[in-house]
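Chemist: Sharing a structure with you now.
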Amino acid sequence: MSNRSLLLFALFSLALAGCGKNESNQSSAGSSGELIIKIGAAAPLTGPQAHVGKDNENGTRMAIDDANAKGIMIGGKKARFELISEDDQTDPKTATIVAQKLVDAQVNGVIGHMNSGTSIPASSIYFKNGIPQISPSATAIKFTAQGYKTAFRVMTNDAQQGKALGEFAIKVLAGKKVAVIDDRTAYGQGLADEFVKAVEANGGQVITREYTTDRAVDFTAVLTSIKGKQPDLLFFGGMDPQGVPMVKQLRALGMKTQFMMGDGGYTPKLIELAGDAVEGTYASLPGVPLDNMPNGRDFSTRYEARFHQPIQLYAPYCYDAVNVMIAAMQKADSAEPAKYLAEIGKVELEGVTAKIAFDEKGDIKGGAVTIYQVRKGQWAAVQTMGGALAAKP
Amino acid sequence: MKLHRPANRHLALAAILLVLPFIIDALFGHGWVRIADFALLYIMLALGLNIVVGYAGLLDLGYIAFFAVGAYTYALLGSPQFGLHWPMWVTLPLGAIIACIFGVLLGAPTLKLRGDYLAIVTLGFGEIIRIFLNNLNAPVNITNGPQGISGIDALQVGGFSFGESHQWLGVRVDDVHLHYYLFLAFTLLVIFVSRRLEDSRIGRAWVAIREDEVAASAMGINTRNIKLLAFAMGATFGGISGGLFAGFQGFVSPESFSLMESIMILCMVVLGGMGNIGGVVLGGVLLVALPELFRHAAGPVQQMLLGKVVVDPESLRMLMFGLALILVMLWRPAGLWPSTQRRRELNTEEGA
Amino acid sequence: MDIFFQQIINGLVQGSVYALVALGYTMVYGILGLINFAHGEVVMIGAMIALAVLQALLAAAFSPVLAVLISLMMAMAVCMALGYSIERIAYRPLRNAPRLAPLITAIGVSIVLQNLAMMIWGREYHAFTLPFNSVSHQIGGAIVNDVQIGIVVVALIIMAGLLWLVHHSRMGRAMRAVAENPAAATLMGVDINRVISNTFMLGSALAAIAGFMVSVNYGIVHYYMGFMLGLKAFTAAVLGGIGNLRGAMLGGVLLGLIESLGAGYIGDLTGGFLGSHYQDVFAFFVLIAVLVFRPSGLLGEKLAERA
Chain A
1161 MSNRSLLLFA LFSLALAGCG KNESNQSSAG SSGELIIKIG AAAPLTGPQA
1211 HVGKDNENGT RMAIDDANAK GIMIGGKKAR FELISEDDQT DPKTATIVAQ
1261 KLVDAQVNGV IGHMNSGTSI PASSIYFKNG IPQISPSATA IKFTAQGYKT
1311 AFRVMTNDAQ QGKALGEFAI KVLAGKKVAV IDDRTAYGQG LADEFVKAVE
1361 ANGGQVITRE YTTDRAVDFT AVLTSIKGKQ PDLLFFGGMD PQGVPMVKQL
1411 RALGMKTQFM MGDGGYTPKL IELAGDAVEG TYASLPGVPL DNMPNGRDFS
1461 TRYEARFHQP IQLYAPYCYD AVNVMIAAMQ KADSAEPAKY LAEIGKVELE
1511 GVTAKIAFDE KGDIKGGAVT IYQVRKGQWA AVQTMGGALA AKP
Chain B
692 MKLHRPANRH LALAAILLVL PFIIDALFGH GWVRIADFAL LYIMLALGLN
742 IVVGYAGLLD LGYIAFFAVG AYTYALLGSP QFGLHWPMWV TLPLGAIIAC
792 IFGVLLGAPT LKLRGDYLAI VTLGFGEIIR IFLNNLNAPV NITNGPQGIS
842 GIDALQVGGF SFGESHQWLG VRVDDVHLHY YLFLAFTLLV IFVSRRLEDS
892 RIGRAWVAIR EDEVAASAMG INTRNIKLLA FAMGATFGGI SGGLFAGFQG
942 FVSPESFSLM ESIMILCMVV LGGMGNIGGV VLGGVLLVAL PELFRHAAGP
992 VQQMLLGKVV VDPESLRMLM FGLALILVML WRPAGLWPST QRRRELNTEE
1042 GA
Chain C
1269 MDIFFQQIIN GLVQGSVYAL VALGYTMVYG ILGLINFAHG EVVMIGAMIA
1319 LAVLQALLAA AFSPVLAVLI SLMMAMAVCM ALGYSIERIA YRPLRNAPRL
1369 APLITAIGVS IVLQNLAMMI WGREYHAFTL PFNSVSHQIG GAIVNDVQIG
1419 IVVVALIIMA GLLWLVHHSR MGRAMRAVAE NPAAATLMGV DINRVISNTF
1469 MLGSALAAIA GFMVSVNYGI VHYYMGFMLG LKAFTAAVLG GIGNLRGAML
1519 GGVLLGLIES LGAGYIGDLT GGFLGSHYQD VFAFFVLIAV LVFRPSGLLG
1569 EKLAERA
């Protein structure tokens, strides 16, 4: 390119930039008088957590297809929902790029992100552009504590879940001496810290805290060290890829200590991969058991039929998150973010995971947490903590 | 107008760089302007690493640590974490200085090491920094551990914030655009310093060490100090870039500073053309843009060629990126745009 | 005391695996002066192939022992082919290129293999269980199971075999000759390309065995498993003195022990100030300390710099 044409190119582009802006228009109308509503979804679809991320996308997709099948009317038009799914690679930087892209694509709302570490930096971009964001699974307390009125979650935060787990460990299981391991991720450490607080508040004693990483597979060293201190219960703040080898090695070392995880452990994979060793393990999951919710059992069978695999973890929460968003749009009779945003906080919805309503921060109100145990190779609900109790006063 | 004069050429280039964010915005949207912002940050990083790897020939696999140090310095001094809100013109230079000190700290014990031993030690150093950042939330909470630091102050000069949209002469200039200009200014500064260094006594001493350390020291070059200087200079650039990153992102957490990032920056330097500023800049642009390009292309291209999406676009994206790395290196082993000096060396080798 | 003994055993098991993978790094480095970053992914592919074959054979009602042996053989064969191809495609054309060029292609190969594996075997974790029971034994208060004993024994046998191969066989002599001086080796009639290919295949076969062993030990396989393992093994190889076979073995076992003792005792030694989250920091500090005093690793030769 010669220098003259370089300059011409620059001028031309400037002209282009001037007029390019006007082409955009919010929530475009479809050809046949349909209202096209774009729902953004962001989760890691590559990298070590890709399997959980894909599960999130599946849950969102199912909710969107269901809504399209129902033929929802918004603003006098038949709404057609479209999914725009992006991969944030569990990387905070990529998360902001993805968030900006979703804003560019003029999504009407976002379901995501999956992790706290990506949800937090992305939330400022959604906030600046007034796009409602419902995270299905970010648990860090900070996510909704930044003062962004666009940020919601249908998942309990670390404090709500840690409290339930700690109470259960001490009051129900009558444990006194507790050992804690966490994986030094935002999720694992956050949950473990809150668990420790709850254990101490209930008169239990945390005798040792050990640590690992979210890439590790060998825990024999820390487990051996814990073995010497003879705790009644071992809590692991982390995900199932570490939970599996950890519980196996725990039993292989001949330790009879009770083993407990948060929602990161409540997966079919934990049982499938850990085999006999996992029997008796506890894990928590926010909300009430799917079987107890009117649409819950139906949801899991339909999910399995459609995606040929069991629900991994957060798909039901994504499903609920989409439905919350749609309910708010229906109430506002508009899919415009500025109009329906105010309605999200007022939504009360009978979801597949729980009755969903938000507090003033955008956290889920009540925050029931159910504790499950592996019994005869199956997750069985043991007790639902909090929820109605927490909502009373 | 005589455009073939270098001054005019620079003018044309400047004009393009100035309007570039608007072109990108008009054609592809804000998302790509943000990508351009990150590209500039990475170019700064790659230029910093270029001093260490490209000029001095010291293989550094933990370079991201300096980026982290800069980012955390900015974050700790400008966020609710300690309730401090120091201005950018204090925290940015401070971050650069602290990163510089870390550069010397890393350099000092590793002076005797060569080649790949240095690589693993620097890799270890990078991991050590990350692990400390990840764990220094107890017993005293300094870095807030894995939760990271959020609510970081936007980059701000006087009363002017780069984190907000501004209206000038009826044109709305968004925060991503403003950051672009700020980062561009810093990138140009880094390029300027790099160029001056390249032609200086120090720059030639680095090259001498890279080519033959023993001969260099025999010629009276104080190899210890010169090597330390390379680490220190490289680290300084990393620190500046890190501070800008923290202010831009508003959130830092240790996971942004993983080993993979160090490797990516090294790829930029080598793929673009070690030791050549233009090449390194090109490498930075390509490696930031390519994965994003594949992200968009993977789905539609399949649709076009095969009539349906056969392979999940997300898995294909990284696969294509890996393939691109291999193919480019096979095609141009010295990098896409190698320095003239390197080219000469290669040619003589072939001739011998 | 039995806790200490258990930690030693933990470290030995972990270290044996590191050592096997580290051998792959060190052999390639010794001959080519190249860090084969893709080696960790070869370990992962080995594990994946072994699992796929094992499941197929067990489904076809093969006897368990036979199925395990065949799957291991298949994994080794596939990995050898893979190692050969990687060298041919990504490294050989760059043999005279600038030193860092093959490092970048290695990273490229690593990314490609990882994502290929993700496309083939999916994003989720897979269970890897042997078709026979692993019995636990009490040895002096510590608990060891058959798999762990098997890992250490197999690793020892392989290392002994490898040492014999390199020091007493024709192929080994050719390998050492190429490592010493490629030009002179060519003059003496050694086919450098063949020797290098052989080295890659040998290293990859070891990687397959290592992949099989880790998977059996932890019972879990994932497309991302190779990265960390490769990194640790590379560290081990450098610790022992890269390019040196005995060094890789020593480095591997030492790193395993350092990690396990580090994780187990840092907390108690520092009064709880530093805990097991500094396990890797501890390992790297040891590495740096060793290299400061012995810049070429524990068993490395004095003059380590290669071209």
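Sequence lines, in order, name chains A, B and C. In our numbering, each residue carries its 1-based index in the first sequence increased by 1160. In our numbering, each residue carries its 1-based index in the second sequence increased by 691. In our numbering, each residue carries its 1-based index in the third sequence increased by 1268. Note that beta-carbon positions come from the ideal geometry of N, C-alpha and C, so glycine has one too.
Quick check: what's the CA-CA separation for A/Leu1413 versus A/Thr1384?
Modeler: Looking at the two C-alpha atoms, the distance is approximately 7 angstroms.
Chemist: Name, please, each residue of chain B whose Cβ falls closer than 8 angstroms to the Cβ of C/Phe1258.
Modeler: The shown model of chain C, from 1269 to 1575, leaves out residue 1258 of chain C, and the question about it has no answer.
Chemist: To the nearest angstrom, how far is it from the Cα of C/Ile1271 to the Cα of A/Ala1339?
Modeler: If I take the Cα positions, the gap works out to 17 angstroms.
Chemist: Counting only C-beta atoms, is B/Ile726 closer than 9 angstroms to chain A at any point?
Modeler: Answer yes: the Cβ-Cβ gap between B/Ile726 and chain A drops below 9 angstroms somewhere.
Chemist: Which two residues bound the contiguous alpha helix (DSSP H) that contains B/Ile882?
Modeler: Where B/Ile882 is concerned, the enclosing alpha helix (DSSP H) stretches over 866 to 890.
Chemist: Examine the Cβ distances between the region 1297 to 1312 of chain C and the region 1331 to 1338 of chain C and report whether three or more of them are shorter than 8 angstroms.
Modeler: Output reads no: the region 1331 to 1338 of chain C does not touch the region 1297 to 1312 of chain C.
Chemist: Using a Cβ-Cβ distance under 9 angstroms, would B/Phe816 count as near chain C?
Modeler: So, interface residue.
Chemist: Roughly how many angstroms separate the alpha carbons of B/Ala1046 and B/Arg696, rounded to a whole number?
Modeler: Nothing about residue 1046 of chain B can be reported from this structure: the residues present for chain B run from 692 to 1043 only.
Chemist: Taking the straight line between their C-alpha atoms, what separation do you get for A/Asp1493 and A/Asn1483?
Modeler: So the two alpha carbons sit approximately 15 angstroms from each other.
Chemist: Between A/Ile1271, A/Lys1337, A/Ile1386, A/Glu1520, which lies nearest to C/Ser1528 when the distance is taken from Cα to Cα?
Modeler: Residue A/Ile1386 is the option with its Cα nearest to C/Ser1528.
Chemist: Does the Cβ-Cβ distance between A/Gln1390 and C/Glu1392 come in under 9 angstroms?
Modeler: Taking 9 angstroms as the Cβ cut-off, A/Gln1390 and C/Glu1392 do not qualify as a contacting pair.
Chemist: Buried or exposed, going by whether 16 or more other CB atoms sit within 10 Å of the CB of A/Ala1189?
Modeler: Residue placement at A/Ala1189 is poorly supported in this model, since its pLDDT is 49, which falls under 50; the coordinates are not used for a value here.
Chemist: Along the chain, where does the alpha helix (DSSP H) containing A/Tyr1474 start, and where does it finish?
Modeler: Taken as a continuous stretch (DSSP letters only), A/Tyr1474 belongs to no alpha helix (DSSP H), as it is neither H nor E.
Chemist: Looking only at C-alpha atoms, which of B/Leu977, B/Asn832, B/Met1009, B/Gly966 sits nearest to C/Pro1366?
Modeler: Of B/Leu977, B/Asn832, B/Met1009, B/Gly966, the residue nearest in Cα terms is B/Gly966.
Chemist: Should C/Met1456 go down as buried or exposed, given a rule of 16 or more other Cβ atoms within 10 Å for buried?
Modeler: Flag for C/Met1456 reads exposed.
Chemist: Spell out whether any CB of chain B is found under 9 angstroms from the CB atom of C/Gly1292.
Modeler: Closer than 9 angstroms: no.
Chemist: Using a beta-carbon distance below 9 angstroms, is C/Thr1373 in contact with chain B?
Modeler: By this cut-off, C/Thr1373 is an interface position.
Chemist: Using 8 angstroms as the threshold, is the region 1453 to 1466 of chain A in touch with the region 1504 to 1512 of chain A, meaning 3 or more CB pairs across them?
Modeler: The region 1453 to 1466 of chain A, when compared against the region 1504 to 1512 of chain A, does touch it at the 8 angstroms Cβ threshold.
Chemist: From which residue to which residue does the alpha helix (DSSP H) around B/Asp807 run?
Modeler: Run containing B/Asp807: 806 to 826, per the alpha helix (DSSP H) assignment.
Chemist: Look at the Cβ atom of A/Leu1351, then the Cβ atom of A/Gly1322, and state whether they are nearer than 9 angstroms.
Modeler: Cβ distance < 9 angstroms, so A/Leu1351 and A/Gly1322 count as in contact.
Chemist: Pairing CB atoms from the region 918 to 932 of chain B with CB atoms from the region 728 to 748 of chain B, are three or more of them under 8 angstroms?
Modeler: Yes: at least three Cβ pairs fall under 8 angstroms.
Chemist: Name the residues in the region 1270 to 1286 of chain C whose C-beta lies less than 7 angstroms from a C-beta of chain A; which are they?
Modeler: The residues in question are Ile1271, Gln1274, Gln1275, Asn1278, Gln1282.
Chemist: For C/Val1333, count neighbouring Cβ atoms within 10 angstroms of its own Cβ and tell me buried if that reaches 16, exposed if not.
Modeler: When all chains shown are included, C/Val1333 counts as exposed.
Chemist: Out of B/Leu785, B/Leu731, B/Ile819, point me to the one whose CA is closest to B/Phe936's CA.
Modeler: For B/Phe936, the nearest C-alpha among the options comes from B/Leu731.
Chemist: Should C/Ala1315 and C/Gly1479 be called a contact, given that it needs their Cβ atoms to be closer than 9 angstroms?
Modeler: It is a contact, given that the beta carbons lie within the stated cut-off.
Chemist: What would DSSP say about B/Arg1023, mapped onto helix, strand or coil?
Modeler: It is coil, neither helix nor strand.
Chemist: Whose C-beta lies closer than 6 angstroms to the C-beta of C/Ser1404 among residues of the same chain, with five residues either side of it excluded?
Modeler: Within the same chain, C/Ser1404 has close Cβ partners Ile1411, Asn1413.
Chemist: By the DSSP assignment, the beta strand (DSSP E) with A/Glu1370 in it spans what residues?
Modeler: Per DSSP, A/Glu1370 belongs to the beta strand (DSSP E) from 1365 to 1371.
Chemist: Have a look at B/Gly911, B/Leu718, B/Trp897 and flag the residue whose alpha-carbon is nearest the alpha-carbon of B/Thr923.
Modeler: The sequence shown places Ala at residue 923 of chain B, rather than the Thr named in the question. Cα-wise, what sits closest to B/Ala923 is B/Trp897.
Chemist: In terms of residue numbering, what span does the alpha helix (DSSP H) encompassing A/Arg1457 cover?
Modeler: Taken as a continuous stretch (DSSP letters only), the alpha helix (DSSP H) holding A/Arg1457 covers 1456 to 1467.
Chemist: Can you list, in chain order, the residues of the region 941 to 965 of chain B whose Cβ is nearer than 7 angstroms to any Cβ on chain A?
Modeler: The region 941 to 965 of chain B vs chain A, Cβ under 7 angstroms: Gly941, Phe942, Ser944, Glu946, Ser947.
Chemist: Rounded C-beta distance between A/Pro1296 and A/Tyr1474? I'm assuming under 8 angstroms.
Modeler: That belief holds up - the Cβ atoms of A/Pro1296 and A/Tyr1474 are roughly 5 angstroms apart, short of 8 angstroms.
Chemist: Is it buried or exposed, A/Lys1261, if we count other Cβ atoms within 10 angstroms and call 16 or more buried?
Modeler: Counting Cβ neighbours within 10 Å, A/Lys1261 comes out buried, since at least 16 surround it.
Chemist: Run through the DSSP bridge pairs and tell me what B/Arg863 is partnered with.
Modeler: DSSP output for B/Arg863 lists B/Gln858 as bridge partner(s).
Chemist: Taking a Cβ distance cut-off of 7 angstroms, strictly less, list which residues of the region 1295 to 1319 of chain A are near chain B, in chain order.
Modeler: Going along the region 1295 to 1319 of chain A in chain order, one finds Ala1300, Lys1302, Gln1306 with a Cβ nearer than 7 angstroms to chain B.
Chemist: Using beta carbons (cut-off 9 angstroms, strictly below), is B/His721 in contact with chain A?
Modeler: Yes - at least one Cβ of chain A is within 9 angstroms of the one on B/His721.
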